[in-house]
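In the UniProt record's numbering, the protein residues as written are 1 to 832. Every residue gets a Cβ at the ideal spot worked out from N, C-alpha and C, and that includes glycine.
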């Protein structure tokens with residue numbers, strides 16, 4: 001660049017060669033902002049409050065293009081709210097515990113604390129350079145003892161209420177990260193962190209009872225639907241997976257207690273010809289006859305090699321083993337065999353199903369593989385040649401001496417069957433959810449220690465609150481690579497403690513908490529981040545919250561977003577907050593890709609953010625990301641032009657050098673046409689920003705710059721107050737996306753910093769009234785003429801003008817006019 005920042009005189013009079021030095025401008029304004037702190041939120045401000053939030057990053061490296069996109073989009077809203085007169089809470093911190101940071105540290109042969117805090121310092125500097133309007137006075141890291149003290153305190157409150165508990169069960173196991181995973185962290189059978197194929201293990205682990213809020217989590221999605229991404233809402237609906245059905249009791253040979261199964265189709269009970277138990281459920285081992293136990297154990301070896309996603313696949317051959325016992329169908333009295341198989345999961349319902357091959361394809365396939373009977377209970381449509389029929393239809397083969405479902409549709413047959421089962425004590429109607437409790441313990445080092453002490457006398461004993469936080473031992477020099485058990489177990493001085501109740505020898509829990517526990521409540525901590533007396537101040541939480549707009553990706557639709565909703569409802573019930581939902585609105589952003597593919601070093605299509613900032617400047621990169629597409633769409637970096645954005649910003653900056661009128665000059669006597677464009681642009685920008693159409697807002701700003709330049713070139717002098725008004729409007733609009741350029745313009749226009757707090761220009765409604773509108777004249781549906789007419793023209797006058805237009809006369813060509821449809825002032829449709 002050829003000039004230093006602030007050299008305004010040489011940039012006047014429309015000199016297209018005048019430019020500013022982006023590096024010098026960035027250095028200059030960062031120092032000013034650091035001194036002024038224009039985005040520091042004040043709790044005692046009389047202004048109406050808004051809470052803007054974007055997902056905080058993992059410090060596993062420097063900022064990348066994804067961070068650049070989400071924060072640029074988020075900043076449009078936060079800065080717009082400041083301009084509109086709100087007091088805005090816009091905090092930032094680091095999600096610094098957990099696998100991403102720990103794995104990165106191990107790969108770099110560094111201690112997680114050293115590596116993590118080094119990256120935080122790097123990212124902080126990058127964020128400051130990127131000029132996002134964060135209130136840095138509120139920042140914290142989830143790995144700070146002052147933060148995870150309260151994570152542990154909340155865990156104990158959950159434990160006190162029965163929402164945190166420990167049990168033994170089959171769990172998801174990542175063989176690469178050597179730790180358990182929550183169901184939500186398994187994507188298509190693989191670890192969502194590293195992509196390794198997930199297996200099952202039988203372990204004793206800690207859980208949060210998310211199922212206690214399953215119905216409320218589902219119901220509240222109706223309230224969120226208008227302001228959240230449809231993709232995220234639907235993903236949560238499907239994950240919670242509410243289904244209505246019945247628990248049915250089957251008498252099993254040699255077992256005193258009946259075997260209870262859950263079914264969504266109790267109307268098909270007459271067609272249950274066998275039962276299936278999950279092979280890896282404790283129930284299978286309990287039911288199996290002695291002569292079949294070895295067969296079950298051999299089968300289990302094979303089952304444990306399969307992923308959950310493979311087990312549920314409908315197109316794979318069905319396998320299983322007979323358990324050597326029979327049950328009795330409660331409606332038919334038929335003796336039916338009980339099998340163990342891999343297509344039933346241990347954590348679904350009771351871990352056992354009644355198999356109805358006529359109405360379920362997987363049951364059909366199993367029945368065919370093991371030569372078991374098939375009884376259809378729903379009449380397929382005429383000509384049906386398929387296997388199992390899962391649709392609606394009249395009930396068939398569904399009657400005994402006490403109940404007859406014949407001819408009923410599915411809904412009626414279900415309700416009738418449930419009523420009969422309840423009347424006879426054979427079952428009961430119930431609601432089931434796909435959602436499972438959240439497995440939160442991890443066999444890794446870098447996380448918040450679980451504040452429980454295990455005593456051989458007193459069992460699970462909570463760490464007393466005055467002993468929090470339970471700090472991580474440093475374990476300097478220890479091998480922290482994943483081995484399947486927590487590295488904390490080797491810290492014997494840390495592990496071995498006295499029981500807080502009996503004083504006898506006891507041991508600390510050596511697992512740490514899932515990183516998603518930290519991020520499930522961080523937005524509460526921001527309201528009082530330095531309070532060492534409580535997790536957060538309820539009065540401030542109620543004053544600032546809930547979050548007005550949350551911006552982030554949809555990859556955490558059933559992870560972070562669901563967990564944060566669960567936490568909020570639990571904290572509400574503890575009396576810690578009044579919110580029902582954490583995020584009033586959620587804006588889901590797309591990804592930055594390159595040449596149609598995800599950016600990857602291995603693919604050779606990675607784009608380094610630092611390189612882009614060095615070449616084009618911060619403002620050009622930010623503008624490019626906002627202008628490229630609607631927020632929810634992906635951005636292909638190969639298709640955009642940060643160089644073009646840089647050239648536009650220079651053109652906009654030059655406008656500020658063309659203004660010679662004094663600040664505060666009344667624009668009323670200025671060029672009317674330019675003033676109308678300015679005020680129309682401002683009004684449209686309001687609507688566009690509030691509807692999250694940021695890219696269109698940028699386009700309108702570009703049009704205003706062009707209109708202003710055109711007015712100047714057409715003879716509208718630099719002293720014309722309309723030129724100042726337009727240039728000031730451009731500076732305010734650009735402050736949302738290109739803060740350095742906007743600040744330079746504002747200073748050249750004679751104002752004190754900062755433009756970010758200048759306030760939104762007042763729009764004059766009188767300047768939004770159009771002098772004329774364009775009326776389209778169509779003949780046989782094809783446009784033949786366009787007329788400039790008064791906005792309040794009557795239908796008769798508009799028709800007369802249209803029919804007299806030479807182009808219309810020529811197109812009609814003397815043919816009889818059958819009908820003229822007039823929609824004043826914009827349309828005339830002639831039918832000949």
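Contact under 8 Å by Cβ, residue i with residue j
i	j	result
residue 546	residue 584	yes
residue 565	residue 217	yes
residue 659	residue 727	yes
residue 627	residue 698	yes
residue 346	residue 170	yes
residue 199	residue 175	yes
residue 246	residue 403	no
residue 682	residue 729	yes
residue 440	residue 514	yes
residue 366	residue 388	no
residue 29	residue 740	yes
residue 756	residue 133	yes
residue 511	residue 443	yes
residue 239	residue 517	no
residue 249	residue 260	yes
residue 376	residue 396	yes
residue 22	residue 94	no
residue 135	residue 39	yes
residue 384	residue 374	no
residue 333	residue 277	no
residue 506	residue 455	yes
residue 651	residue 705	yes
residue 737	residue 76	yes
Sequence-distant residues of its chain with Cβ nearer than 8 Å to residue i (five each side left out)
i	result
residue 464	500
residue 574	157 and 161
residue 786	774, 775, 776 and 777
residue 149	468 and 469
residue 667	675, 721, 722, 724 and 725
Other residues of its chain near residue i: CB distance less than 6 Å, five sequence neighbours each side excluded
i	result
residue 227	585
residue 822	795, 798, 799 and 828
residue 571	577
residue 329	272 and 336
residue 323	287, 288, 292, 338 and 340
Residues near residue i in its chain [Cβ-Cβ closer than 7 Å; skip 5 each side]
i	result
residue 54	70, 71, 74, 551 and 552
residue 773	789, 791, 825 and 826
residue 153	465, 468 and 535
residue 183	172 and 436
residue 1	For residue 1, the predicted structure reports a pLDDT of 34, less than 50, and the residue's modelled location is therefore unreliable. The matter cannot be settled from this model.
residue 849	Nothing can be reported for residue 849: it is not among the residues displayed for the chain, which extend from 1 to 832.
Buried versus exposed, by CB contacts within 10 Å (16 or more), residue i
i	result
residue 854	Past the boundaries of the shown model lies residue 854; the chain is included only from 1 to 832, so the question cannot be answered.
residue 18	buried
residue 229	buried
residue 590	buried
residue 294	exposed
residue 369	exposed
residue 255	exposed
residue 358	buried
residue 768	exposed
residue 401	exposed
residue 474	exposed
residue 502	exposed
residue 819	exposed
Those runs of the beta strand (DSSP E) which lie wholly inside the region 642-706 and span at least 3 residues: none
Segment contact flag, the region 633-648 with the region 670-689, C-beta cutoff 8 Å, min 3 pairs: no
Ranges of the alpha helix (DSSP H) found wholly within the region 778-811, counting only runs of at least 4: 795-804
Residue ranges of each alpha helix (DSSP H) within the region 229-308, 4 or longer: 230-240, 282-287 and 293-303
Segment contact flag, the region 711-719 with the region 656-675, C-beta cutoff 8 Å, min 3 pairs: yes
Contiguous beta strand (DSSP E) assignments of at least 3 residues, all confined to the region 32-81: 49-54
4-residue-minimum alpha helix (DSSP H) runs that sit fully inside the region 72-143, ordered along the chain: 99-107 and 112-130
Runs of beta strand (DSSP E) wholly within the region 581-631 (minimum 3 residues, chain order): 586-588 and 592-594
Those runs of the alpha helix (DSSP H) which lie wholly inside the region 499-555 and span at least 4 residues: 515-518, 522-525 and 538-544
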